[in-house]
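> My questions all concern the structure below.
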Amino acid sequence: MANAKQKAEAHHDHHGHGEEHFRQKHLMLDPLPRGRMNEMVMESMLEKPTWKFWVVAGFLSFIVVYFLFYKWGVLIANGQGEAGVMRPDYWGIFLVNTVFWIGISHAGTFISAILRVFRAEFRRPFTRAAELMTTFGLVQAGFSIFMHLGRVWLAYWLMPYPNQRMLWPNLHSPLTWDLLAITTYLLSSTMYLFLPLIPDMAMARDRSTGWRKTFYKTLALGFRGTEGEWAHLRNAMNIFAFAIIPVMFSVHTIVSWDFAAAMRPGWHSTIFGPYFIVGALHSGMGAAVLVLAVIRGTMKHMDYFIRAEHFDAIGKLMLIISMAWAYFFFNDYMVQWYGGDMWTKIMLHYHEYGPLNWMWFGMLFCNVVLPWAILWNPKWRSTPWLVGFVGIAINIGMWFERYIIVPISVTINRMPFTWRQYEPGIEVPMGIGTVALFILLYMIASKLIPLIPVWEVQEGQMAHELKKFGRETVVSVSELE
Amino acid sequence: MTTSSELNMPEIAMAEKEAGKWGMVIDQDICTGCQACVAACAMENNIAFVGEEDSGYGRAMHWIRIERFWEGEYPEVKMTNQQPMMCQQCGSAPCEPVCPAFATVHSMAESLNLQVYNRCVGTRYCANNCPYQVRAFNWRDYKRPEPLPNQLNPDVTVRRVGVMEKCTFCIQRIFKAQDQAKAEGREVMDGEFTTACAQACPASAIVFGRVDDPQSLVSQLKERSGGKTHLKELGTLPNVTYFNGG
Amino acid sequence: MSEQFSRRDFLKLAGLGAATTAVLTGCGPASRYVTREPYQEMPEYNYVGQSTYYATTCRECAAGCGLVVRTYQGRAIKTEGNASHPLNLGKTCARGQATLHGLYNPDRVQGPSNGDWDAAIQLVADALKNNKPDEIAFLMGMAPDHLFDLVTDMANATGMNAPVRYGALGMFEARATLSKAAEALFGQAGLPFFDVGGAQVVLSFGANFLETWLSPVSYTRGFAGLREAKTKMRGKLIQFEARMSATGGKADEWIPLRPGTEALVALAIGRLAAEIRGGSMPRAFSSVDPLDVAARSGIKLEALEHIAEMVAHSSGVLAIPGGAALGQSNGQAVAEAVLALNAFADNLGKPGGVYLSALAPSQSDYSRPASAREMQEFVEKMASGAFKVLFVHGVNPVFELPASLGFKDALGSVEQVISFATFPDETAAEADFVFPDHHGLESWGYQRVVTGTSLPVLSGAQPVVSPYYNTRATADVLIAAAQIAGGAFAEALPYTDEVEFLQTKVSALMNEADGSFSALDAATFMAYFQQHGGWWKNTDSRLAPASSILNSNIDAAEAEFAGEGEFFLVPFVSPTLAEAGANKPWLQELPDPTTTVMWNTWVEINPETAHELGIESDDVVRVISEVGEVEAAVYLYPAIRPDTIAIPFGQGHTAYGRYAENRGANPANLLSVHFNASGDLAFAGMKVKVEKTGVKRPLSRLEGLGVYGGEGIELH
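Chains as they are written, first to last, in our numbering: chain A, 137 to 617; chain B, 241 to 486; chain C, 3 to 718.
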């Protein structure tokens, strides 16, 4: 099947550009010997860490230990009073962070599964990086929601488990749905991360010694690369790729129901499901592009695997998602405003004119204005640092969005006597701790597993070739399966 | 009368169409905002005091609070009639379906919203979903220095950190009166007992009793014209009726 | 099992071998709470698992409401009103509810300061014996209770100085002015009783009768009667005051007037009403010019006319003069002018009108607490060394008297100061010895009900729990000391203990007719007295006064104000704390009915004025009077005159336990010594300056952002 996009681009670029240009530009058309490529990936992983790496890792470890775990101990010992929650803001930044991290985790599945299902070839070098984001992001989301619990040591009560008193979780509660959905998502995304990792593990096993050999050997599950193994693996991955997509959509829809099923002004909105999903993709793509920019800038040989074309492709996706987000935001706003409910009106007014209205405007700037201004330009969106910067901005904007939905909206309820403004406490350092843990996990992963699914790249390169029709150079992609 | 509080799980989220059992009538016109009910409630129900900083940050544990608003500007300024707010013991309570742990459940026998302290894990969803904002959370383990704990009411659980709590309509008094009546082989009489807030109120602005008994004082007061329940449009079927002036 | 060994601990140990998970849950903070007392420490008179109820009298203020206290295994659990007590009919105020936080307060005085009660009694006996009787002085709380009778007996027999009763509430209520005015008008001293419940239109001149005034529970019931249209139309309350009190907040019409013009306004309303009604103009109203009054008071003439219309045409008009209106240089005239309105409304001695309160059983005439001028004389005597021994009981004058009166310094001139304080208050801190009395719920006694009910009531008190600490009843200490001192002292108090004294006094009522109960022997009578929580007569014994005030001239000059400054100062008693509530944590956590502020002192300033001065909410300001200054955070109060500021009284303790100490500010430090004609302090007659300090200290408020209503909310 021909890749229509690349074909169009090829057509566009054909004047004055030859084959050389295609090879420079497109990873898929710039194959290296498989051995060399495997070597490059191994080198990028085994490269002796510089002192900078250790400084950063040490610093992050300190933040994780102190801000995340020590402060969490303080929180458990002293109660939620350490955080900024109170009446009426019973939910605060912990919930903001939960939604935020679940949002981040969405890009992994989106890039990996949806793009795989739709055979978007540009996905190949960075599916792994994105899947890791899913798993690591979900870990932070889980931490955040447990931080939020008043009696976290009893969190297992939320799980259905057989017990003498026949006590079960309440299946009417969106939080129970949420817990089940997130758990399902965490398990399935971890498996989905692991399946494409097997051939790479086998590759690494064959090229390493010592404890690493044992490590990779264990994880490779004895993968030898036989035709039968490949067929099974492809089957499994295809099933998972299709199966995980509804899980992904359901997770954030259910997260949105935590709010939409509640009868608070500003929350009780039917559009919240898709709005949250698009929001999640928005922040997730932003985070993914940021991760790619960082990987490309810091790790050896990565400029070969991750090229401007990838930023260009993701940039286009980001632009489209940004437009979709803008639509849903507008839709949600209109529906709420047009509903005419007095309290909702006051709440919308509070967003725009309240003491934190800079956040509302900041959200619109970061989520809409900035992406639209930068990503429409092919040259700009091919510039890794610039797209990375947009990625940061989108994530800030999306964090603002969740902050507006949780503590700011919750300030306004139907009992005006209780309206009070939220002032964050221990959530801030603990939130920073989750960011640090996320980065730290990534840094550890970059030293342990190939961040590039090298077999997938090789597979893609095998499928692509350049053909000449007269004076025209044309890309052709053959069907592999 | 059987009082086994049977929990019929699938029905919990459904609206109860019939009237509740226990109810309150509050006459805002004669409520003076003197806080006697608040103090009485605190003493009866072992409510913790939280100190200056936390009470000023929306963390006061009052199960009943007296709201008052301002209208107009000086010199035509008016303090609106005081509005005591406590758990409205909704017939179809928004707090109940959202608790993932079944810590917020409905008592079919008493038509009350129960809070099961030792089942609460502290998600605070119930409080978020309560349109009356009457739930109080134990943000910390608020200390009562010795010998203050001597005052604690042995009929009421002392709550600890991380647990949601709220007005119970003094359920310990309801049960006590019912047990007494049962032992004497009779029904509970109207006015035989009342909640701590209604008992203390110097203006008798709070009246408590059986709303399913048309002969009771509370039912008769409720039948007067001009009564309203708060946020009726939400369909929560509250059991507290307010009369405001005139 | 030791005291700290909890039930859960026991279970935990018992189940240790069985299940590890059980132990893990047991390790949670839940294990701290349930502690079990050993059975051998169980107090007598108790059935296990059953509550015992005792009737007694509330000692939180001087009103004398009856309480029924629920006790459980020797602990007081809950106070409720005594439903048969004629004063409060089963109701209480917040302070009555929180009295348990006094009983079990962590900061009580736990024993005599010299460590030994025998030595303490010897010391008191020596003080009585070794000093001339007129060198011994007693300063007591406002309540006319058994201890006051006991000391009065002692004073009468020995020539000792008569005990002086004082309380800040009495000062802020201007009780002396009220009773002087009653005496001048009706020819009889006493506290006027205003039948709010029976009235149709109530004009209140600064009377905060729903908060702390005279007998708040009884007056609140009256207010409910005024509002609740059972047999009549819903009554109206019109409040005249510069700062909206909680009472003013309930008014149908709140009319801000310039402080000091209350008398003029009352007379002007009288005059206008008399004009409407026609006939001859009463002399009392004849000299006042309504137009001039309107200009001076800041009330529009139309508003005055509108009220006069009501006064002229309605039946059941009642006018009440309140504390802040009386506590001014012209307070006496205010009282007279307001009572003249009542005379004009012809309600004296009628339902819905003014009575003189019934005297309590066995009381021959009204004895009021000392006015501020009498306290000044007292302090002067202290300072001059006329007193060698000063006994202080039931009052905290270092805190409750204006600092400018110099009580604290004068204490230094008294050789021996002995305090009987239950709590470590400021006066106890200055005393040479503290011999703590029991808490009110641990003690015997009786108290006369001064006002608030139509019946003569002697409210009875009995211990509901055994004393928690090594305290001793002051009456017992005095009786024992008097026996040791011998002579006239021993003759004056020929009792074995407090209970015998009480029995003697109470059983004297056995012969009185028309009582709430009767008995044939003293022991039974006393038992009934305890059981019922007091003894009262069954007939309305209020006195119906007659007055010729309408035909006399009232000199209603505007009040004079002391001090330089642009603001009138309205000090008011905190409705939740009053003068002695600050050490009870749950009273501290009760929001003020008007501002909803908890745990601190605030200064109320009109938002417009504050804006002009560049003051924002929560800014700490310094309020400076001619004698002192206090600092407190600003509350922008929409219902106060722009030229007036108000500060609640009740906080600002420098001692008095952990919950009260170093919290807030005491406006009594601002009050300078000026009296009205009756000898009451002109506490509402000060002008003060306000300065910014540049510090911001957020007040703890219950109210949120939305108290100015729904949609029009100011969000910044």
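The C-beta atom is built at its ideal place from N, Cα and C for all residues, glycine as well.
1) State the beta-bridge partners of residue 325/A as determined by DSSP.
2) Tell me, please, which residues DSSP counts as bridged to residue 527/A.
3) Can you find at least 3 beta carbon pairs, one from the stretch 449 to 457 of chain C and one from the stretch 141 to 149 of chain C, that sit closer than 8 Å?
4) Specify the secondary structure class of residue 710/C as computed by DSSP and reduced to three states.
5) Flag this pair as yes or no: are the beta carbons of residue 653/C and residue 584/C separated by less than 8 Å?
6) What is the rounded straight-line gap between the Cα of residue 313/A and the Cα of residue 444/A?
7) Residues of chain C with a CB under 7 Å from the CB of residue 554/A: which are they?
8) Would you mind reading off the limits of the alpha helix (DSSP H) that contains residue 345/B?
9) Which ranges does the alpha helix (DSSP H) cover as unbroken runs of at least 4 residues, wholly within the stretch 298 to 376 of chain C, from first to last along the chain?
10) How close, in whole Å, do the beta carbons of residue 364/B and residue 208/A come, if the pair is a contact with beta carbons under 8 Å?
11) Residues in its own chain within less than 8 Å of residue 470/C by CB, not counting five upstream and five downstream?
12) Within 8 Å, do at least three Cβ pairs link the stretch 556 to 569 of chain C to the stretch 674 to 689 of chain C?
13) What would DSSP say about residue 395/C, mapped onto helix, strand or coil?
14) Starting from residue 432/A, trace the alpha helix (DSSP H) in both directions and tell me its first and last residue.
15) Determine the direct distance from the alpha carbon of residue 235/A to that of residue 443/B, and round the result to whole angstroms.
16) Classify residue 697/C as buried or exposed, calling it buried when 16 or more other Cβ atoms lie within 10 Å of its own Cβ.
17) Over what stretch of residues does the alpha helix (DSSP H) that includes residue 414/B continue unbroken?
18) Name the chain C residues that come within less than 7 Å of residue 276/A, Cβ to Cβ?
19) Can you give me, in chain order, the residues of the stretch 577 to 589 of chain C that have a beta carbon less than 8 Å from any beta carbon in chain B?
20) Quick check: the Cα distance between residue 166/C and residue 372/C, rounded to an integer number of angstroms?
21) From 209/C, 214/C, 271/C and 234/C, pick the residue whose C-alpha is nearest to that of residue 250/C; which is it?
22) Using the Cα positions of residue 633/C and residue 290/B, report the straight-line distance between them to the nearest angstrom.
23) List the residues of chain C whose Cβ lies closer than 9 Å to the Cβ of residue 412/B, in chain order.
24) I believe residue 329/C touches residue 174/C by the beta-carbon criterion, under 8 Å. Please report the beta-carbon distance rounded to the nearest angstrom.
25) Just how far apart, CA to CA, sit residue 535/A and residue 155/A?
26) Does DSSP put residue 588/A in a helix, in a strand, or in coil?
27) Comparing C-alpha positions only, which one of 103/C, 75/C, 63/C and 55/C sits nearest to residue 85/C?
28) Which stretch, first to last residue, makes up the beta strand (DSSP E) that contains residue 573/C?
29) Go ahead and pull the three-state DSSP assignment for residue 609/A.
30) Given a cut-off of 8 Å on the beta-carbon distance, is the pair residue 265/A and residue 523/A in contact?
31) Shorter than 8 Å from the beta carbon of residue 284/B to some beta carbon of chain A?
32) Does any residue of chain B have a CB that is nearer than 8 Å to the CB of residue 638/C?
33) Based on DSSP bridge pairs, tell me the residues matched to residue 404/A.
34) Report yes or no: is there a C-beta of chain B within less than 8 Å of the C-beta of residue 535/A?
35) With a 10 Å radius around its C-beta and 16 neighbouring C-beta atoms as the bar for buried, classify residue 87/C as buried or exposed.
36) DSSP on residue 139/C, reduced to helix/strand/coil?
On the basis of the supplied data:
1) Position 189 of the first sequence, counting from 1, holds the residue named residue 325/A. Looking at the DSSP assignment, residue 325/A forms no beta bridge with any residue, so it has no partner.
2) Along the first sequence, read from residue 1 onward, the residue named residue 527/A stands at position 391. Its beta-bridge partners do not exist; DSSP assigns none.
3) yes
4) For this step, residue 710/C is matched to residue 708 along the third sequence. Residue 710/C: coil per DSSP, three-state reduction.
5) Start at 1 with the first residue of the third sequence, and residue 653/C comes out as number 651. Start at 1 with the first residue of the third sequence, and residue 584/C comes out as number 582. Their beta carbons are under 8 Å apart, which means residue 653/C touches residue 584/C by this criterion.
6) Along the first sequence, one-based indexing puts residue 313/A at 177. Along the first sequence, one-based indexing puts residue 444/A at 308. Using only the alpha carbons, I get a separation of about 41 Å.
7) Position 418 of the first sequence, counted from the start, is the residue given in the question as residue 554/A. Near residue 554/A (Cβ distances below 7 Å), the residues of chain C are 706.
8) Your numbering for residue 345/B matches position 105 in the second sequence. Segment 344 to 347 is the beta strand (DSSP E) holding residue 345/B; no alpha helix (DSSP H) there.
9) 303 to 315, 325 to 328 and 333 to 346
10) In the second sequence, residue 364/B corresponds to position 124, counting from 1. In the first sequence, residue 208/A corresponds to position 72, counting from 1. Incorrect: roughly 18 Å between the Cβ atoms, too far for contact.
11) The count along the third sequence starts at 1 and reaches residue 470/C at position 468. Counting only Cβ-Cβ distances below 8 Å, and skipping sequence neighbours, we find 105, 106, 110, 441 and 444.
12) yes
13) As a working note, residue 395/C is residue 393 in the third sequence. Here residue 395/C sits in strand by DSSP.
14) As a position in the first sequence, residue 432/A is number 296, starting the count at 1. Unbroken alpha helix (DSSP H) run through residue 432/A: 408 to 434.
15) Working through the second sequence from its first residue, we reach residue 443/B at position 203. Working through the first sequence from its first residue, we reach residue 235/A at position 99. About 49 Å.
16) Mapped onto the third sequence, residue 697/C falls at position 695. That one is exposed.
17) Your numbering for residue 414/B matches position 174 in the second sequence. First-last of the alpha helix (DSSP H) with residue 414/B: 411 to 423.
18) The count along the first sequence starts at 1 and reaches residue 276/A at position 140. Result: empty, since nearest Cβ-Cβ is about 26 Å, beyond 7 Å.
19) 577, 578, 587, 588 and 589
20) Residue 166/C sits at position 164 when you count from the first residue of the third sequence. Residue 372/C sits at position 370 when you count from the first residue of the third sequence. Between residue 166/C and residue 372/C, the C-alpha separation is close to 6 Å.
21) Within the third sequence, residue 250/C is the residue found at index 248, counting from 1. That would be 209/C, whose Cα lies nearest to the Cα of residue 250/C.
22) Locating residue 633/C in the third sequence gives position 631, counting from the first residue. Locating residue 290/B in the second sequence gives position 50, counting from the first residue. Roughly 24 Å separates the two Cα atoms.
23) By 1-based counting over the second sequence, the position of residue 412/B is 172. Within chain C, no residue comes near residue 412/B; the closest Cβ sits about 11 Å away, beyond 9 Å.
24) Within the third sequence, numbered from 1, the residue matching residue 329/C stands at position 327. Within the third sequence, numbered from 1, the residue matching residue 174/C stands at position 172. Yes, residue 329/C and residue 174/C are in contact; Cβ-Cβ is about 7 Å, under 8 Å.
25) Along the first sequence, one-based indexing puts residue 535/A at 399. Along the first sequence, one-based indexing puts residue 155/A at 19. Going by the C-alpha atoms only, they are around 44 Å apart.
26) The count along the first sequence starts at 1 and reaches residue 588/A at position 452. Coil at residue 588/A, not helix or strand.
27) Against the third sequence, residue 85/C aligns to sequence position 83. When only C-alpha atoms are compared, the closest one is 55/C.
28) Residue 573/C sits at position 571 when you count from the first residue of the third sequence. Residues 569 to 575.
29) The residue given as residue 609/A occupies position 473 in the first sequence. Here residue 609/A sits in strand by DSSP.
30) The residue labelled residue 265/A in the question sits at position 129 within the first sequence. The residue labelled residue 523/A in the question sits at position 387 within the first sequence. No; because the gap between Cβ atoms is not below 8 Å, this pair is not in contact.
31) The residue you call residue 284/B lines up with position 44 of the second sequence. False, the Cβ-Cβ gap to chain A never drops below 8 Å.
32) Within the third sequence, numbered from 1, the residue matching residue 638/C stands at position 636. No, no contact with chain B.
33) The residue given as residue 404/A occupies position 268 in the first sequence. According to DSSP, residue 404/A bridges with nothing at all.
34) Sequence index remark: in the first sequence, residue 535/A carries index 399 (1-based). So no, residue 535/A is outside the interface.
35) Taking the third sequence and counting its residues from 1, one reaches residue 87/C at position 85. Residue 87/C is buried by the Cβ-count criterion.
36) As a position in the third sequence, residue 139/C is number 137, starting the count at 1. Note: residue 139/C maps to strand in three-state DSSP.
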